[in-house]
Amino acid sequence: DVKVTQSSRYLVKRTGEKVFLECVQDMDHENMFWYRQDPGLGLRLIYFSYDVKMKEKGDIPEGYSVSREKKERFSLILESASTNQTSMYLCASTRGNQETQYFGPGTRLLVL
Amino acid sequence: GQNIDQPTEMTATEGAIVQINCTYQTSGFNGLFWYQQHAGEAPTFLSYNVLDGLEEKGRFSSFLSRSKGYSYLLLKELQMKDSASYLCAVLMTTDSWGKLQFGAGTQVVVTP
């Protein structure tokens, strides 16, 4: 059974803190993605990675960075959290083009 | 980028049929996914259309017209558990590695 896990379901942080969100997939997928989801805006792509140590900016990369040191793990980093980064963060992975993305359960982040 | 349009919300009665439309720009189109997302949960894959026509999977069917830039998801014999958000996502030829562009989602409310 396909599985994508995320390190936390809920997280509360203070403005200015550094935040790490971890995502792990057990399907040996090449491609991994980080999205944020906000009401009325749908899923917006922050960053994605198509191989270890490779990364590409998505549509809204500002204020975020990522790390992919191992194939199964893709981390999203908020260098200095701000209140406008309060959101639901979803990780996904896929084997390749024209294949479905498999999503993790999401992390609901609140920045105070 | 893509402009993917789908209605914000639809309400229907248990046992009825609901059709969720999705329109997109045809230039560079390479395929279309539908996902279901229950509140607070991850999106899950429903269907993938790359050729024109109707794909049927039990109570759910998805239709695609590439020339018209149009797809719909048809939910038949609605059940209360079908209350969820339905996401239309487009795969573009210009995007590699399974990168998708998502619509904002259609919230379907099923009433008794």
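Going down the list, the protein sequences come from chains V and Y.
Under the numbering used here, the letters of the first sequence match residues 1295 to 1406, in that order.
Under the numbering used here, the letters of the second sequence match residues 2 to 113, in that order.
All C-beta atoms, glycine included, are put in the ideal place defined by N, C-alpha and C.
Contacts that Y1344 of chain V makes with chain Y (C-beta to C-beta distance below 8 Å): S97 and W98
Contacting positions in the stretch 1379-1402 of chain V - beta carbon closer than 7 Å to chain Y: L1384, T1388, G1390, N1391, Q1392, E1393, T1394, Q1395, F1397, G1398, P1399 and G1400
C-beta neighbour in chain Y for L1406 of chain V, strict 7 Å: no
Proximal residues, the stretch 8-32 of chain Y versus chain V, C-beta separation under 9 Å: T9, N31 and G32
Bridge partner(s) assigned by DSSP for Y36 of chain Y: Answer by DSSP bridge pairing, in chain order: Y:F46 and Y:L88.
Distance between G29 of chain Y and Y1304 of chain V (C-alpha atoms, nearest Å): 38 Å
Contact the stretch 1322-1337 of chain V vs the stretch 1372-1390 of chain V: 3+ CB pairs below 8 Å: Touching, per the Cβ criterion.
Pairwise C-alpha distance: L1339 of chain V and Q26 of chain Y: Between the C-alpha atoms of Q26 of chain Y and L1339 of chain V there is a straight-line separation of about 19 Å.
Chain V contact for M70 of chain Y (CB, 7 Å cutoff): In the sequence as displayed, the identity of residue 70 of chain Y is Gly instead of Met. So no, G70 of chain Y is outside the interface.
Coil, strand or helix - K1312 of chain V by DSSP: coil
Environment of T94 of chain Y [buried if 16+ CB atoms lie within 10 Å]: exposed
C-alpha gap between K69 of chain Y and V1313 of chain V, whole angstroms: Cα to Cα, the separation comes out at about 44 Å.
Rounded Cβ spacing between S62 of chain Y and L55 of chain Y (contact assumed at less than 8 Å): 6 Å
Collapsed DSSP secondary structure at N1325 of chain V in the structure displayed: strand
R1308 of chain V, buried or exposed, once every other Cβ within 10 Å from all chains shown has been counted against 16: exposed
A40 of chain Y at chain V interface by Cβ criterion, 7 Å: no
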